[in-house]
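Chains as they are written, first to last, in the working numbering: chain A, 1 to 496; chain B, 497 to 992.
Using N, Cα and C, we set each Cβ at its ideal position, and we do this for glycine too.
Let me begin by presenting the structure, written as structure tokens, before commenting on it.
Number of protein chains: 2
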Amino acid sequence: MELVNKFNELVAKQKAYIYVLTLAGWDSATEAPRGAFQRRAEMLGVISGELFNLQTSKEYQDVVYGLFKRLDELDDITKREIKKAKKGLDKIIKIPKEEFVEYNKLIGLSQRKWEDAKHNNDYEGFKGNLEQIFMYNKKFVAYYNKDEHPYNIMLDGFEEGMSMKEYDEFFNTLKKDLVPFVKEVLNSGKKLNDAFITDFYPKEKQKEFAEYLIEVLNFDKNSGLMKESVHPFTWNTHSTDVRFTTRYLENFMFSSIFAAIHELGHATYEQQIDSKWDDTTLSGGTSMGIHESQSRFYENNIGRSIEFWEAHYPKLLEIFPEQLKDVSLDDFYRGVNKVEASFIRVEADELTYPMHIMVRYEIERMIMNNEVTVDELPKLWNDKMVEYLGIEPKDFAEGVLQDVHWSAGLIGYFPTYALGSAYSAQFYYTMIKEIDVEALVKGNNIKVINEWLKEKIHNFGSSRTPKELLFDVTGEDFNPKYYIKYLKEKYSKLYL
Amino acid sequence: MELVNKFNELVAKQKAYIYVLTLAGWDSATEAPRGAFQRRAEMLGVISGELFNLQTSKEYQDVVYGLFKRLDELDDITKREIKKAKKGLDKIIKIPKEEFVEYNKLIGLSQRKWEDAKHNNDYEGFKGNLEQIFMYNKKFVAYYNKDEHPYNIMLDGFEEGMSMKEYDEFFNTLKKDLVPFVKEVLNSGKKLNDAFITDFYPKEKQKEFAEYLIEVLNFDKNSGLMKESVHPFTWNTHSTDVRFTTRYLENFMFSSIFAAIHELGHATYEQQIDSKWDDTTLSGGTSMGIHESQSRFYENNIGRSIEFWEAHYPKLLEIFPEQLKDVSLDDFYRGVNKVEASFIRVEADELTYPMHIMVRYEIERMIMNNEVTVDELPKLWNDKMVEYLGIEPKDFAEGVLQDVHWSAGLIGYFPTYALGSAYSAQFYYTMIKEIDVEALVKGNNIKVINEWLKEKIHNFGSSRTPKELLFDVTGEDFNPKYYIKYLKEKYSKLYL
């Protein structure tokens, strides 16, 4: 059908604009000089304005809405593309162009401004940006749909089909079945030989180990790379260019190890997507939650398992013979799974991690409900940390300013982290029925695991919804019991 | 005037496209994964096609040609902008869009292909690209002007006002007055204590010294950065984002030192351009020759002077105590100014450097004259190396494949390197009448030199032509005698 060809042509053009903007984002986050930011924001504002024109052009609207009326005539793939495109159009079409351009400029500037604010513990210097970002997002969702709760629209944007109703149910289950167990572990009084964790590990040596890790985890360097940034992240434009970052803290080596493995999980997902989707709107992972399930799987189910360290602790010992000379494999394994109430989400252990998400979920809901001002956020944050973890951040950098997300306009993203961990457990219990994960990890045979994930999950890109994928792979709908089971089994052995 | 505002508006939009394409180029050259290149070329093809549309739009043509008819009503700056824009339009307007897009795709792919070819010493695998690049360039200049010699059009494109006539004159003067002196030096039989040059210098340590260098040379890191790439280069989009690369050869430390200083010279020029030009078409250095005069000035007049090493050799000794333990300051100074017939242009000493340029100039002229095929290039190259330097390359990597330029479509660029060195000497003899360069370098007071260059040369951006600039600063037109004088004075002392 001619209209379908036209659709593909228009999409290809939009993709080229998205590509260069994404590339500029990577540059900003990993190396662009500070002084360049003002002018860069102006330039990228022009390009994103052009993209906006393309994404909202009369021509594109006619094609998408035209095809939407003839859905029955389309094959399943095109059908899904058109539904997705229509939803995207519905969301964007009522936003005045100037506001969209202004918002993109704001986002362009805010990321570096957030970095500075975090570095200087200067919430005052950043809250104006934050207020603007919240304001625009509320405005934008109201343009789209005045009848739905704004936060529900945001949540669905990151995880198709999820709303406050489903998340409340999920978090309530965690509160009921997991929180008491977490308290039990935190109060177990178990002593670890863990002084090594905060020993000094020179950055260059950490880099050497990170390079080793991505090698043994089979990361495809021909189609990607690893770099360094303040906040680790994964970046991709298509299956042959997938990049990620880690960060090196010389007094906390776990940061670079687990950030690298985590982001490598995201990156492996993207690299293993069938390249046939590259040209379509169904390229890339299907949702934030499924994406996070993959990164968490690599980070926790593989990277924090005893089998993984049986295979790779000798290499780490070789690189850090001094720092680790009195640390047995068992000490090390317990160290990487140490549970404690802590401030920084990305450094948090698996078990307390969902508590960090609850804090953010509840705050975001209040923001989108206009129940809290930016001035009140730091205190609100700290109060919730006390409520869920019993500890109070002493500055903004370990409180409300720690995460990059809001500075990038990502509101409603956080809950997918906890959801992803839960998906991950559900996938895991299916996987171990089919392949011997423990033996494969211990034998450094990650390729087989990658293949399993590719065949069951990765290669589909966005051609299946998260709900479809979860059901197809595990034979049931989302069920948080696997998550709770996994955590209780693992941490009972370690702590109780 | 409304038309001028319209012009500025259209230029601003074009600049945003140039910005993202330039950024993608930086990424390609410094880190993008190999596997990404095919798809990346497609994407960038779309964006450069869009830029081409803007640069050749009816609207832009009307504005530029309209203003060109009313030049008398414009201020001097706008006048120069419009003249420049008109020349650009004249050159581009007759190129069919498909050919322009195809050419840009070709260039996008060729750079990495050249790298591979050089790495694998595989001329066969690259010559097809080269042939295509030459073909397109000949075609494009013929669209512009059938009456002028194609190479003259290329030459003028890199250095306004230069043609084969001027270059022939310049190179003939060198042949007459410099070549006999070079032979005398090469045959002097002077023995140096120079085994240290090819000692082993670990990359990380070299990086440390390169970082030190850009610090003492006052590079503004808030508006730029230094990175690593196969072929060192400088990159800029505006005065607040200027980047350059160096390369680290562990058995030839001079490569990283002098590539870093050389590129820093280019970068300093760009950073010191008055930011008021950023929004205009007169941003950036005024010509390749003037640009090269600045990089050569930093590299040779500063970086290879005895005063510079009096100031900084102690630091180098501190970083490489073992490698340099038997090397006196005098040995080191003679080492960095060692003259010898060698294969690689970018590693060549100051004195034999113009011979490398003559080889390229004569070959390019033959290419543009259709006197040679790509199959014959390697032999032709080698023959000319024998003719001018008495040595024959043993493979393509040290012969015809050594430079990035042709793979990037830069034909007519090479001669500006020799010209720049000659400009540099002419500027130098003016500078030393006004400030005590030797004392400033020795006292590590580079700021004063930077200021002089900023005031006399840099801050004008492209608002003055190379000819105007040279005359304004030195009080006379281009005169190669300073270049010959400088080289003879310096190398007589060292060698005769």
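Closer than 8 Å at the beta carbon, the chain B residues around residue i
| i | result |
| --- | --- |
| A/L475 | Checking the displayed sequence, the identity of residue 475 of chain A turns out to be Gly instead of Leu. Result: empty, since nearest Cβ-Cβ is about 35 Å, beyond 8 Å. |
| A/K221 | P529 |
| A/L23 | V516, L519, A520 and D523 |
Cβ pair residue i, residue j closer than 8 Å
| i | j | result |
| --- | --- | --- |
| B/I840 | B/E795 | no |
| B/F793 | B/S920 | yes |
| A/E364 | A/I411 | yes |
| A/W406 | A/L130 | yes |
| B/M561 | B/L506 | Note that residue 561 of chain B corresponds to Tyr in the displayed sequence, not to Met. No, Cβ-Cβ distance for B/Y561 and B/L506 is not below 8 Å. |
| B/F910 | B/R960 | no |
| A/F52 | A/K86 | no |
| B/R743 | B/A755 | yes |
| A/E184 | A/L487 | no |
| A/V448 | A/I457 | no |
| B/Y978 | B/S917 | no |
| B/V937 | B/W610 | no |
| B/P646 | B/G785 | no |
| A/I484 | A/L178 | yes |
| A/N222 | B/R535 | no |
| B/F816 | B/Y697 | yes |
| B/G780 | B/E766 | yes |
Residues bridged to residue i [DSSP beta-bridge criterion]
| i | result |
| --- | --- |
| B/H734 | B/D737 |
| B/T742 | B/E724 |
Nearest candidate by alpha-carbon position, reference residue i, set the options
| i | options | result |
| --- | --- | --- |
| B/E888 | B/A638, B/D899 and B/K875 | B/K875 |
| B/K880 | B/V832, B/Y663, B/E858 and B/K890 | B/E858 |
| A/P232 | A/H266, A/T240 and A/E250 | A/H266 |
| B/A532 | A/E398, A/L23 and A/A41 | A/L23 |
| B/E867 | B/F630, B/L682, B/T848 and B/K981 | B/F630 |
| B/F967 | B/F923, B/K943, B/K950 and B/Y979 | B/F923 |
| A/A341 | A/V182, A/G88, A/N8 and A/F7 | A/V182 |
| A/H291 | A/A32, A/A418 and A/T352 | A/A418 |
| B/S684 | B/A528, B/V835 and B/K890 | B/V835 |
| B/L605 | B/S659, B/A528 and B/D571 | B/A528 |
| B/K699 | B/E656, B/M658, B/F750 and B/W731 | B/F750 |
| B/T694 | B/L709, B/F828, B/I578 and B/K723 | B/F828 |
| B/K575 | B/V500, B/Y639, B/I588 and B/Y632 | B/V500 |
| B/Q768 | B/L721, B/T736 and B/Y987 | B/T736 |
| B/L873 | B/E620, B/M497, B/S553 and B/V559 | B/E620 |
| B/A935 | B/K981, B/S801 and B/E951 | B/S801 |
| A/F126 | A/K138, A/R112 and A/K139 | A/R112 |
Residue i: contacting residues in chain B (beta-carbon distance under 9 Å)
| i | result |
| --- | --- |
| A/K15 | M539 and V542 |
| A/G125 | Within 9 Å Cβ-Cβ: nothing; A/G125 doesn't reach chain B, min ~18 Å. |
| A/G224 | P529, G531 and A532 |
Integer Cβ distance of residue i from residue j, believed to fall under 8 Å
| i | j | result |
| --- | --- | --- |
| B/M862 | B/Y884 | Contact doesn't hold; Cβ gap of about 15 Å is too wide. |
| A/G461 | A/W309 | Not really, about 33 Å apart at Cβ, beyond 8 Å. |
| B/K509 | B/L550 | 6 Å |
| A/S48 | A/N104 | 4 Å |
| B/T869 | B/E655 | With a Cβ gap of about 27 Å, B/T869 and B/E655 do not count as contacting. |
| A/L316 | A/L324 | 7 Å |
| B/N564 | B/I578 | The sequence shown places Phe at residue 564 of chain B, not Asn. Sure, about 6 Å apart at Cβ, within 8 Å. |
Listed by chain order, chain A residues near residue i by CB distance under 8 Å
| i | result |
| --- | --- |
| B/D737 | A32, P33, G35, A36, R39 and R40 |
| B/E700 | E204 |
Within chain B, partners of residue i - CB distance below 7 Å
| i | result |
| --- | --- |
| A/H238 | R535 |
Contact list for residue i against chain A, beta-carbon separation under 9 Å
| i | result |
| --- | --- |
| B/D774 | R39 |
Cβ-heavy atom distance, residue i to the ligand PLP, below 7 Å
| i | result |
| --- | --- |
| A/Y212 | Ligands are entirely absent from the displayed structure, and the ligand PLP is therefore not among its contents. |
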